[in-house]
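Participant: First residue of the sequence shown? That's 14 in our numbering, and the numbers climb one at a time after it.
Just so you know, even glycine gets a beta-carbon here, dropped at the ideal spot from N, CA and C.
My questions will all concern the structure given below.
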Amino acid sequence: MIKNLESAFSNIANSSKRSAIREILKLTQDPEIISFAGGLPSADSFPLEDIRRISDDVIAKKGAVALQYGTTEGCNELKNELIAHYAKDGVKLEKDNIIVTTSSQQGLDLISKIFINPGDTVICGLPSYLGGLSAFRSYGANLEGISLDDKGMRADLLEEKLQELQGKGIKPKFIYVIPDFQNPAGITMPVSRRKEILELAYKYDVLVVEDSPYRELRFEGEAQDMMYKLDNTGHVIA
14 MIKNLESAFS NIANSSKRSA IREILKLTQD PEIISFAGGL PSADSFPLED IRRISDDVIA
74 KKGAVALQYG TTEGCNELKN ELIAHYAKDG VKLEKDNIIV TTSSQQGLDL ISKIFINPGD
134 TVICGLPSYL GGLSAFRSYG ANLEGISLDD KGMRADLLEE KLQELQGKGI KPKFIYVIPD
194 FQNPAGITMP VSRRKEILEL AYKYDVLVVE DSPYRELRFE GEAQDMMYKL DNTGHVIA
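In structure tokens form, the structure reads like this:
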């Protein structure tokens, strides 16, 4: 048996830290604590019967296909459904534009793996989603925070930061934004601010990563156009 297993760990494994989200969620296991720390949906809201019915239908009609290995990018039938769904919101997608993931978190990890080298700079909101920050840090990113106001990431401070970094010869890999019900601030960015952020992305030729897992959880007000929809230059990954 190897004497010291940790001595064989990679640099990435050795630099990894406990998930801040998992540490927070541990608090929810204590029955004496009423926790507002974790974003846990009410179990009463789970559509158990609908999921059971849909699962039974899929297994009965296409069980072998559903349980078989598929392509990395995701099932074409599901992609077609996603294309139709987003088309209702005016978002034009093609199958080649879509990768099906298990969650937003996996998507952020893949984006980090593809774009971030150790020492690269990522700009994010201040505060921002812990899971996203953890993913970026795990690939060696340096994070630069931009304060929020009641409309989201401040465009004036973003431009100041982009100018500062440009003066140092640093080009950020991307700007990370959560424009709909920002986590943890809860702010929804109006279209005018989204356009300001995009104009700066164009001006400084920086990618924008739009993370909007909460977009369809709206109870009042009008939905704001996705930055992916507003972008016509290919700068946005959503």
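#1: As a quick exercise: from Tyr-217, Ile-25, Arg-231 and Asp-102, pick the residue whose alpha carbon is nearest that of Gly-182.
#2: So is Val-249 buried or exposed if we call it buried at 16+ other beta carbons inside 10 Å?
#3: In terms of DSSP beta bridges, what is Cys-137 paired with?
#4: Check for me: the beta strand (DSSP E) holding Leu-220 runs from which residue to which?
#5: Compute the distance between the beta-carbons of Asn-155 and Gly-120, then report whether it is under 8 Å.
#6: When you compare the CB positions of Ile-159 and Leu-139, do they come within less than 8 Å of one another, or not?
#7: Threshold first: 4 residues or longer. Then list the alpha helix (DSSP H) segments lying entirely within the region 77-135, N to C.
#8: Can you tell me whether Gly-145 is helix, strand or coil according to DSSP?
#9: From the DSSP output, read off the bridge partner residues of Met-166.
Facilitator: Reading it off the structure:
#1: Tyr-217
#2: buried
#3: Gly-158 and Tyr-189
#4: 220-223
#5: no
#6: yes
#7: 89-100 and 117-128
#8: helix
#9: Leu-161
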